[in-house]
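Q:
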Amino acid sequence: MDLELAGKRALVLGASRGLGKAIAQSLASEGATVFAAARSVDKISDWVTDHETVHPIALDLAKIEDVDALAARLLEDGGVDIVVNNSGGPPPGSAQAADRGAWISHFEAMAANLFHLNSRLLPAMQQRGWGRIISITSSGVEQPIPNLALSNGIRSAVVGWSKSLANEVAGDGITVNVVMPGRIHTERVDELDAAAAKRTDTDVAEVSAKSRAAIPAGRYGKPQEFADVVTFLASARAGYVTGSKIRIDGGAIKSV
Ligand code: NAD
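Note that the sequence shown covers residues 16 to 271 in this note's numbering.
This is the structure in structure tokens:
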């Protein structure tokens, strides 16, 4: 299947490691020109092998001036065809413990500034009559994860935004979708398992085994398996998929 990604321009946020990095590499391997953004350009440059295809960009999503500078830079050359919205995860905690300041600051970095960036990049896509917007959220938007109230709440706002936008721009040839990782084996997941082991005074292998056993597939997903789905959604072949939430979770979400 030809994904027809050659010559497309893609922006991937949070691309220094993990899911963002895997998606950026996957889109580049299909022939797209990728603008890979994260706070540290050095960390992106560490994995970039082809500097003709992948362009590292410094961006702190918490800073609106960074977001506006990125939009201006991309629009100078006509903008992008594909946007992959990705960000860091907020700290754990209960809904009762999350204070107003935390809600506002994390909403800004994980939602409001992303919405603003996409709004700036959209008119160029509309002019070309083609676009793909894919937002990474979490299984927590369908099955809230205990002790991750900020993540469950803010990522649900991304889902509401995505569906609203999908309805508005479907007629312009632009698809807008959400992908929901369950447990994909990135550095972050290793860090979370290590933190859980420390908190409960358990061996990390035991924590990880228990976590894998709760997933019907019996294992964590591979970043490439996640990136493959996103790459398909970014392609010409997925032109009739819009306004959807797509699970990539090995069956972990309990509801249908
Ligand atoms: P990760 O922490 O390894 O990667 C996050 C990326 O975002 C990194 O490149 C980081 O540098 C970047 N980032 C963080 N804060 C930023 C900021 N203010 N501005 C710009 N870039 C910033 O996480 P991951 O495992 O690759 O997951 C990606 C996203 O998906 C995260 O939001 C995570 O919470 C979420 N998620 C992941 C899983 C999983 O199984 N891996 C499950 C559910 C949700």
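The C-beta atom is built at its ideal place from N, Cα and C for all residues, glycine as well.
1) Please name the residue in I189, N128, G116 whose C-alpha comes closest to that of A139.
2) Comparing C-alpha positions only, which one of S153, L20, M16, K260 sits nearest to G104?
3) Determine the closest residue to A127 out of R147, S102, D96, with distance taken between C-alpha atoms.
4) If we count the other Cβ atoms within 10 Å of its Cβ and call it buried at 16 or more, is H66 buried or exposed?
5) Does the distance from the C-beta atom of P196 to that of F241 stay below 8 Å?
6) Would DSSP call T277 helix, strand or coil?
7) So for M16, helix, strand or coil by DSSP?
8) Using a 10 Å radius around the Cβ and a threshold of 16 neighbouring Cβ atoms, would you call M125 buried or exposed?
9) Using CA atoms only, rank isn't needed, just tell me which of I169, L137, Q111 is closest to S120.
10) Does the ligand NAD have a heavy atom nearer than 7 Å to the CB of G104?
11) When you compare each of V219, I230, L26, G144 to P71 by their alpha carbons, which one comes out closest?
12) If you check the beta carbons only, do N192 and T257 fall under 8 Å apart?
13) Answer yes or no: do T48 and R32 have a C-beta to C-beta separation smaller than 8 Å?
14) Could you give the first and the last residue of the continuous alpha helix (DSSP H) run that contains P238?
15) Looking at S226 and D208, is the spacing between their C-beta atoms short of 8 Å?
16) At which residue ranges does the region 109-193 contain complete alpha helix (DSSP H) runs of 4 or more residues, listed in the order of the chain?
17) Secondary structure at V222, three-state DSSP: helix, strand or coil?
18) Residues in the same chain with beta-carbon distance under 7 Å from N182, minus the five sequence neighbours each way, listed in chain order, please.
19) Our contact map puts I199 next to Y255 with C-beta atoms below 8 Å; I'd like the distance itself, whole angstroms only.
20) Across which residues does DSSP place P107 in a beta bridge pair?
21) Is the beta carbon of A86 sitting closer than 8 Å to the one on L132?
A: Reading from the atomic positions:
1) I189
2) S153
3) S102
4) Result: exposed.
5) yes
6) This structure gives no information on residue 277, because the portion of the chain shown stretches from 16 to 271.
7) coil
8) buried
9) I169
10) yes
11) It is L26.
12) yes
13) The Cβ-Cβ distance between T48 and R32 does not fall below 8 Å.
14) In this chain, the alpha helix (DSSP H) harbouring P238 covers 238-248.
15) yes
16) 115-122, 128-143, 164-184
17) helix
18) G258
19) At roughly 26 Å, the Cβ-Cβ gap does not stay under 8 Å, so I199 and Y255 are not in contact.
20) Bridge partners of P107: none, in fact.
21) Yes, these two residues count as a Cβ contact at 8 Å.
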